[in-house]
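Residue numbers (my numbering): 2 to 188.
What follows is the structure in structure tokens.
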């Protein structure tokens, strides 16, 4: 864990990290509120709200990640692969749409959890596809344990977020769901 801490504190511009966190929080709060529109809408408007919610949320997830990536300065020349960066954005939007659609099928608690898990898979897919887009002279080595922990934590937090957002909605649950989604994106 000290490795992660040192990387964030010593190899990132903390102002950009703070900006990424702010965007993440705003995006998560918007996502929860847009998801409620999807859940309450009729079939006629449902898909329009779903596409608005998924696109907004997917772009928020992606923007958070790439602002944090831009904040990273490893001290050697680096670049980003455009195709993989675009693919990571597409994954964020499409898997967010799938997760939100499942969560709002009105099937109960299991749909909230499965939909949230799919959203969490989307966050992880976007993150690690985006990381694969990072080009540097040399070799990047992954700590498989940390990768696994980040994926399990992100999927679990996203599932909890959609459950909290959609099961007995209230103002407190809206804020709680947004915090959980923010944590899911940041893991």
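We put the beta carbon where it would ideally sit given N, CA and C, even for glycine. A quick note: this is a predicted structure, and the numbers were derived from the prediction, not measured.
Out of the options, state which residue places its alpha-carbon closest to the alpha-carbon of residue i.
i, options, result
"residue 22", "37, 68 and 40", "68"
"residue 97", "116, 83 and 81", "116"
"residue 83", "175, 17 and 136", "136"
"residue 140", "77, 118, 153 and 146", "77"
"residue 106", "28, 30, 53 and 47", "47"
"residue 1", "30, 53, 168 and 29", "Past the boundaries of the shown model lies residue 1; the chain is included only from 2 to 188, so the question cannot be answered."
Just how far apart, CA to CA, sit residue i and residue j?
i, j, result
"residue 19", "residue 155", "20 Å"
"residue 183", "residue 131", "18 Å"
"residue 170", "residue 187", "24 Å"
"residue 151", "residue 144", "11 Å"
"residue 180", "residue 123", "18 Å"
"residue 25", "residue 45", "30 Å"
"residue 14", "residue 134", "20 Å"
"residue 185", "residue 158", "5 Å"
"residue 149", "residue 88", "21 Å"
"residue 175", "residue 75", "37 Å"
"residue 1", "residue 118", "Residue 1 falls outside the range modelled here, since the chain spans only 2 to 188, and no answer is possible."
"residue 177", "residue 99", "22 Å"
"residue 41", "residue 93", "23 Å"
"residue 28", "residue 53", "12 Å"
"residue 49", "residue 138", "44 Å"
Taking Cβ to Cβ, would you say residue i is nearer than 9 Å to residue j?
i, j, result
"residue 33", "residue 51", "no"
"residue 120", "residue 101", "yes"
"residue 63", "residue 90", "yes"
"residue 160", "residue 95", "no"
"residue 104", "residue 163", "yes"
"residue 72", "residue 37", "no"
Mark residue i as exposed unless 16 or more other C-beta atoms lie within 10 angstroms of its C-beta, in which case mark it buried.
i, result
"residue 166", "buried"
"residue 80", "exposed"
"residue 43", "exposed"
"residue 202", "Only positions 2 to 188 of the chain appear in this structure, which leaves residue 202 out of reach."
"residue 3", "Low confidence applies here, because residue 3 scores a pLDDT of 48, under 50, leaving its location unreliable; read the following figure in that light. So residue 3 counts as exposed."
Beta-carbon of residue i versus every beta-carbon of chain C: anything under 9 Å?
i, result
"residue 100", "Within the model displayed, chain C is absent; a lone protein chain is all it includes."
- Message: I want to know whether the stretch 126-140 touches the stretch 52-67 - three or more CB-CB distances under 8 Å.
- Response: Counting Cβ pairs under 8 Å, three or more are found: they touch.
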